[in-house]
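>
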Amino acid sequence: MEKYLNPSSLKQFVQLIDQSERIILTCHVHPDGDAIGSTLGLWHLLKSLGKQPAVVVPDVPPRSLRFLPDFNEIAVYTRHDPYCTRLVEESDLIICCDFNKPSRQDHLAPLIQGAKAPKILIDHHEGPDMDCILEFSYPKMSSTCELVFRIIAGSGFYCDLNRSGATCLLTGLITDTQNFTVNCNNPDVYEILTKLMEKGAEKGKIIEECVKACSYSSLRLKSYAICEKLEIFPEHRACLITLGKDELDKFQYEKGDTEGLVNEPLNIRGMIYSIFMREDPDCIKVSARSKNNFPVSKICENLFNGGGHLQASGGEFKGSLAECRSVLIEHLGDYDQYLPKRMPKLEIKTE
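Just so we're aligned: the sequence shown equals residues 41 to 391 in our numbering.
1) Name the one or two DSSP bridge partners that R62 has.
2) Apart from the five residues on each side of it in sequence, which residues of its chain come closer than 7 Å, Cβ to Cβ, to D374?
3) As a quick exercise: from Y117, E186, K156, pick the residue whose alpha carbon is nearest that of D163.
4) At a Cβ threshold of 7 Å, is R318 touching chain C?
5) Using 7 Å as the threshold, is the C-beta distance between L24 and V96 below it?
6) How many angstroms separate the CA atom of P158 from the CA atom of E304?
7) If you run the structure through DSSP and keep just helix, strand and coil, what is V116?
8) Less than 7 Å between the beta carbons of D392 and L85, yes or no?
9) Grab the span of the beta strand (DSSP E) containing V251 for me, first residue to last.
10) Beta-carbon within less than 7 Å of M181's beta-carbon, same chain only, minus the 5 sequence neighbours each way: which residues are those?
11) Over what stretch of residues does the alpha helix (DSSP H) that includes L187 continue unbroken?
12) Is N223 buried or exposed, if buried means 16 or more other CB atoms sit within 10 Å of its CB?
13) T298 by DSSP, collapsed to three states: which one?
14) Can you grab the Cα-Cα spacing for the pair N333 / T79, in whole Å?
15) Please look up how many angstroms separate the CB atoms of F176 and L45, rounded, as I've assumed it's under 8 Å.
16) Whose CA, out of E363, P102, F107, lies closest to the CA of S258?
17) Start and end of the beta strand (DSSP E) containing C137?
18) Mind the definition here: the stretch 346-358 touches the stretch 319-334 only if three or more C-beta pairs lie below 8 Å; say whether that holds.
19) According to DSSP, simplified to helix, strand and coil, what is Y293?
20) To the nearest angstrom, how far is it from the Cα of K156 to the Cα of W83?
21) Starting from the Cα of A241, find the closest Cα among C172, L56, P47, G81 and give me that residue.
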């Protein structure tokens with residue numbers, strides 16, 4: 041496996057872990073498999089090292105991740121503000137996983153940024169902007185969980201990684217690569233997969249739990265979204281799904297029910313990118329995915345105050361769902377320049 045990490049940074053990481061006891065692990069708002077996998081994976085490692093770690097997240101993780109070992113140990117700031125505050129204030133080290141700037145933690149940001157404890161950043165997004173004593177920022181990594189594994193192995197902690205920790209890390213690797221279909225051209229990714237499976241992580245079980253399994257209401261919501269709300273823009277090789285609050289309520293929406301929905305339209309032969317807009321209580325949540333190296337990150341950065349990876353990005357819009365949709369449609373043509381010159385036929389029938 042190729043060595044990317046700076047040896048002096050790994051040495052400093054080991055020193056900081058050795059010197060610390062109460063270690064906070066935290067991630068971005070609306071945590072996904074990579075955010076929870078990396079923080080909870082490190083939690084298991086630190087427990088095996090005799091430390092007193094705690095995972096503190098901004099809001100409730102999706103229920104698709106409840107199968108992860110010790111998921112119930114996660115402290116949710118929106119539910120347990122005083123408890124989370126005490127944990128952070130009493131900590132002597134904070135490890136920030138899977139986000140590159142304080143704003144990605146929303147209402148938890150002031151507490152984390154105001155803490156006296158030194159901070160370590162472990163992330164794979166472009167443009168880190170954090171005040172940290174140590175920074176591991178590698179945008180070319182498939183996931184933060186891949187980066188965490190490399191840090192663990194490079195620091196000499198691989199023997200201390202148990203089955204539970206490996207399960208969490210493999211979950212993030214699977215979800216951020218969309219089950220090894222994107223961001224996984226580096227053969228090292230598959231070597232890491234093998235190493236995690238050797239530790240006891242069950243690839244099939246993880247895929248079944250966090251990729252395939254869903255509730256009855258979630259299945260009905262996704263079916264409705266694809267059958268009734270999918271809009272195709274053939275000249276731009278783009279598609280859009282919008283779901284308003286009334287529609288979400290109709291299908292008893294719970295957090296995580298629309299996970300993976302944005303990827304579904306990309307199965308249409310010839311489709312290049314897909315946008316999903318969901319009406320949340322405080323904003324319109326925008327998710328974007330693409331193929332053929334189309335930069336949906338530019339759309340999210342320019343139109344929706346967001347960003348992320350080239351082919352997997354997101355953002356937020358302050359306004360109505362109709363306004364958000366109009367902004368996108370108005371600017372679709374601006375991004376035609378990034379479409380591949382040679383594209384397969386778009387296999388849809390338009391009226």
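All C-beta atoms in this analysis are idealised placements derived from N, C-alpha and C, irrespective of residue type, glycine included.
From the atom records:
1) As a first step, residue 62 is located in the sequence shown; it is residue number 22 there, counting from the start. BP columns for R62 point to Q92.
2) Reading the sequence shown from its first residue, position 334 is the one you call residue 374. If you ignore the 5 residues before and after D374, its C-beta comes within less than 7 Å of no other C-beta in its own chain.
3) Reading the sequence shown from its first residue, position 123 is the one you call residue 163. When only C-alpha atoms are compared, the closest one is E186.
4) Among the chains of the structure shown, chain C does not appear; only one protein chain is present.
5) This structure cannot settle anything about residue 24, because the visible part of the chain is limited to 41 through 391.
6) The residue you call residue 158 lines up with position 118 of the sequence shown. The residue you call residue 304 lines up with position 264 of the sequence shown. Roughly 41 Å between the two C-alpha positions.
7) Locating residue 116 in the sequence shown gives position 76, counting from the first residue. It is a strand residue.
8) Here the chain covers residues 41 to 391 and nothing more, so residue 392 does not appear.
9) Locating residue 251 in the sequence shown gives position 211, where the first residue counts as 1. Where V251 is concerned, there is no enclosing beta strand (DSSP E), given that its DSSP letter is neither H nor E.
10) Taking the first residue of the sequence shown as 1, we reach residue 181 at position 141. For M181, same chain residues with a beta-carbon under 7 Å away, outside a window of 5 residues either side, are H164, L187 in chain order.
11) In the sequence shown, counting from the first residue as 1, residue 187 sits at position 147. Looking at the DSSP string, the run of the alpha helix (DSSP H) that includes L187 is 184-194.
12) The residue you call residue 223 lines up with position 183 of the sequence shown. By the Cβ-count criterion, N223 is buried, with 16 or more other Cβ atoms from all chains shown falling within 10 Å of its own Cβ.
13) Counted from its first residue, the sequence shown places residue 298 at position 258. Three-state DSSP puts T298 in coil, outside helix and strand.
14) The residue labelled residue 333 in the question sits at position 293 within the sequence shown. The residue labelled residue 79 in the question sits at position 39 within the sequence shown. Taking the Cα positions, N333 is about 29 Å away from T79.
15) Position 136 of the sequence shown, counting from 1, holds the residue named residue 176. Position 5 of the sequence shown, counting from 1, holds the residue named residue 45. Their Cβ separation, rounded to whole angstroms, is 7 Å, which keeps F176 and L45 in contact under 8 Å.
16) On the sequence shown, residue 258 is found 218 positions in, with the first residue counted as 1. Checked all of E363, P102, F107; the closest Cα to S258 is P102.
17) Here residue 137 refers to the residue found at position 97 when the sequence shown is read from its first residue. From DSSP, the beta strand (DSSP E) with C137 extends over 133-137.
18) A contact exists between the stretch 346-358 and the stretch 319-334.
19) Here the question's residue 293 lines up with position 253 in the sequence shown. Correct three-state label for Y293: coil.
20) For the purposes of this step, residue 156 is identified with residue 116 of the sequence shown, where counting begins at 1. For the purposes of this step, residue 83 is identified with residue 43 of the sequence shown, where counting begins at 1. Going by the C-alpha atoms only, they are around 21 Å apart.
21) Sequence index remark: in the sequence shown, residue 241 carries index 201 (1-based). When C-alpha distances from A241 are compared across C172, L56, P47, G81, the shortest belongs to G81.
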